[in-house]
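Colleague: Below is one structure. I have some questions about it.
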Amino acid sequence: MMKTAITLCQVPEAVAGPFVLRTPLPEAFATAAAIGFDAVELFLPGPDFITVDEVKSLAVTHGLTIAAVGTGAGMLRHGLSITAADAEKREAAMNFVLAMIDFGGRLAAPAILGSMQGTGSLELLTTGLRRCGERAATHGVPFIYEPLNRYETNLFNRLGDAAKFIELHDLKNVVLLADLFHMNIEERDLPAAIREVGKHIGHVHFADSNRKAMGFGHTDAKQVIAALREIQYSGYLSAEIFPLPDPETAARQTISSIQSLR
Ligand code: LER
Ligand code: MN
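Encoded structure:
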């Protein structure tokens with residue numbers, strides 16, 4: 073059974089980004105629970121923004137789990153990437169991601185490598201993913217690698233290529249994020265791409281073709297859900313979408329689209 077999640081953002085630099093609830097966390101957790109989500113995905117400025125215990129307490133109060141934690145603030149706020157040419161900057165990026173892995177790990181939540189993969193070399197990506205996967209394993213969670221569209225990275229734009237790379241380098245604890253928005257730009261056929269990589273998918277960013285809530289664009293969500301069922305995906309459908317026309321409408325539309333397809 074797939075679970076629902078919604079993105080909560082506390083990063084001022086991400087004001088134009090695809091994140092739904094941006095109110096202070098106590099209010100955002102309450103909104104997510106009231107609208108009916110199972111979980112929240114956290115996009116925070118860094119690992120010291122809030123304590124793990126405070127997040128745990130919010131999660132318990134509102135009956136939510138933490139689906140995942142993003143690491144993109146390392147890029148947005150500090151210009152860091154784990155494939156940077158400069159070794160010092162690369163190490164600073166790794167330390168940021170590893171700290172987010174530890175933060176998420178204590179909440180039983182995996183961390184995501186999205187924009188922090190940068191635009192470097194596959195060799196540096198391999199080294200970085202191996203370290204991240206190993207650190208995540210110490211917490212008993214996977215590490216999530218996200219292929220992005222061509223305007224955001226030169227590394228992997230398609231799920232199939234990323235899955236082959238993971239297999240080739242035997243990156244055991246690294247799973248893939250199927251972000252339906254990026255896939256709509258890069259894949260020939262969304263359900264086919266999902267079936268092709270099957271068990272490699274560990275997380276889904278549930279967005280329509282225009283990065284609005286599912287149902288507000290032209291993606292055939294029914295076929296996408298059917299493919300996810302076929303590969304027995306039981307993770308989160310997480311709404312990483314623009315808060316349009318307003319956060320609450322976007323959040324409610326996500327839940328009703330999923331309910332209509334269940
Ligand atoms: C992050 O999950 C993502 O999808 C990137 O496009 C950064 O916003
Ligand atoms: Mn995404």
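Letter 152 of the sequence shown, counting from 1, is numbered 224 in our numbering, and no numbers are missing. We treat Cβ as the ideally placed atom computed from N, Cα and C, and that holds for glycine. All values reported here derive from a predicted model rather than from experimental measurement.
Pull up the distance between the alpha-carbon of ALA165 and that of MET188, whole angstroms please.
Modeller: As a first step, residue 165 must be located in the sequence shown, where it is residue number 93. As a first step, residue 188 must be located in the sequence shown, where it is residue number 116. Those two C-alpha atoms are separated by around 8 Å.
Colleague: Return yes when the Cβ of LEU248 is within less than 8 Å of the Cβ of ALA293, no when it is not.
Modeller: Mapped onto the sequence shown, residue 293 falls at position 221. Mapped onto the sequence shown, residue 248 falls at position 176. Not a contact, by the Cβ cut-off of 8 Å.
Colleague: Is it the case that the Cβ atoms of PRO214 and ASN229 are separated by a distance below 8 Å?
Modeller: Locating residue 214 in the sequence shown gives position 142, where the first residue counts as 1. Locating residue 229 in the sequence shown gives position 157, where the first residue counts as 1. It is not a contact, given that the beta carbons lie outside the stated cut-off.
Colleague: If we ignore side chains and look at the alpha-carbon of each, how far apart do GLY108 and PHE168 end up?
Modeller: By 1-based counting over the sequence shown, the position of residue 108 is 36. By 1-based counting over the sequence shown, the position of residue 168 is 96. Approximately 32 Å between the Cα atoms of the pair.
Colleague: By DSSP, does PHE115 sit in helix, in strand, or in coil?
Modeller: Here residue 115 refers to the residue found at position 43 when the sequence shown is read from its first residue. In this structure, PHE115 counts as strand in the three-state DSSP scheme.
Colleague: Who does THR137 pair with in a DSSP beta bridge?
Modeller: Looking up residue 137 in the sequence shown gives position 65. In the DSSP output, where bridge partners are listed per residue, THR137 has ALA111.
Colleague: Does DSSP put HIS272 in a helix, a strand or coil?
Modeller: Indexing the sequence shown from 1 puts residue 272 at position 200. Residue state, collapsed to three classes: helix.
Colleague: Can you tell me whether PRO90 sits near the ligand LER, meaning its C-beta is under 7 Å from at least one heavy atom of the ligand?
Modeller: Within the sequence shown, the letter at position 18 stands for residue 90. Flag set: Cβ of PRO90 near the ligand LER.
Colleague: Decide if the stretch 79-86 is in contact with the stretch 111-118; the criterion is three or more beta carbon pairs, one per stretch, under 8 Å apart.
Modeller: The stretch 79-86 is in contact with the stretch 111-118.
Colleague: With which residues is LYS75 paired in a DSSP beta bridge?
Modeller: The sequence position of residue 75 within the sequence shown is 3, counting from 1. In DSSP, LYS75 forms a bridge with TYR308.
Colleague: With distances taken from CA atoms, which of THR95, LEU243 and ALA145 is nearest MET172?
Modeller: Here residue 172 is taken as the residue at index 100 of the sequence shown, counted from 1. Comparing Cα-Cα distances from MET172 to each of THR95, LEU243 and ALA145, the minimum goes to ALA145.
Colleague: Which residues in the same chain have their Cβ closer than 8 Å to the Cβ of PHE101, if we skip the five residues on either side of it in sequence?
Modeller: One-based indexing of the sequence shown puts residue 101 at position 29. Answer for PHE101: LEU80, VAL112, LEU130, ALA131, THR133, HIS134 and LEU136, listed in chain order.
Colleague: Pull up the DSSP beta-bridge partners for LEU93, would you.
Modeller: In the sequence shown, counting from the first residue as 1, residue 93 sits at position 21. Its beta-bridge partners are LEU80.
Colleague: Beta carbon of GLY289: closer than 7 Å to some heavy atom of the ligand LER?
Modeller: By 1-based counting over the sequence shown, the position of residue 289 is 217. False, no ligand heavy atom lies under 7 Å from that Cβ.
Colleague: Please classify ALA106: is it buried, with 16 or more other beta-carbons within 10 angstroms of its beta-carbon, or exposed?
Modeller: Mapped onto the sequence shown, residue 106 falls at position 34. Looking at its Cβ environment, which holds fewer than 16 other Cβ atoms inside 10 Å, ALA106 is exposed.
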